[in-house]
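Residue numbers (our numbering): 226 to 308.
All C-beta atoms in this analysis are idealised placements derived from N, C-alpha and C, irrespective of residue type, glycine included.
To start, the structure under review is shown below, and the notes come after it.
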């Protein structure tokens, strides 16, 4: 049987489930990793607002303009909407 691992198996395997979908077999393994240590935080949290005038605005006052592809798609959509 050919196997494709998406990531290495870690911990102890607790449950294995075999499924047959769309003509292919899949195996799902549930592993117990024991106690997982949360990574340290890197500073205070920042809120993000996606808007129409400014593409992205953060709670600390930062702003990111819309990507160029968005402006091009917006112009193309306006042309199509006029027809």
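Cutoff 6 Å; reference residue i; Cβ partners in own chain excluding five residues on either side
i, result
"residue 284", "271 and 272"
"residue 291", "280"
"residue 195", "Past the edges of the chain, shown from 226 to 308, lies residue 195, and the structure says nothing about it."
Presumed contact (8 Å Cβ cut-off) between residue i and residue j, rounded CB distance
i, j, result
"residue 258", "residue 236", "4 Å"
Rounded separation between residue i and residue j - CA only
i, j, result
"residue 249", "residue 269", "46 Å"
"residue 302", "residue 279", "19 Å"
"residue 195", "residue 266", "Missing from the structure shown is residue 195; the chain here goes from 226 to 308 and no further."
"residue 297", "residue 228", "43 Å"
Same chain, Cβ closer than 7 Å to residue i, five either side skipped, listed in chain order
i, result
"residue 282", "274, 276 and 288"
Same chain only: Cβ atoms within 8 Å of residue i, ignoring 5 sequence neighbours per side
i, result
"residue 234", "254 and 256"
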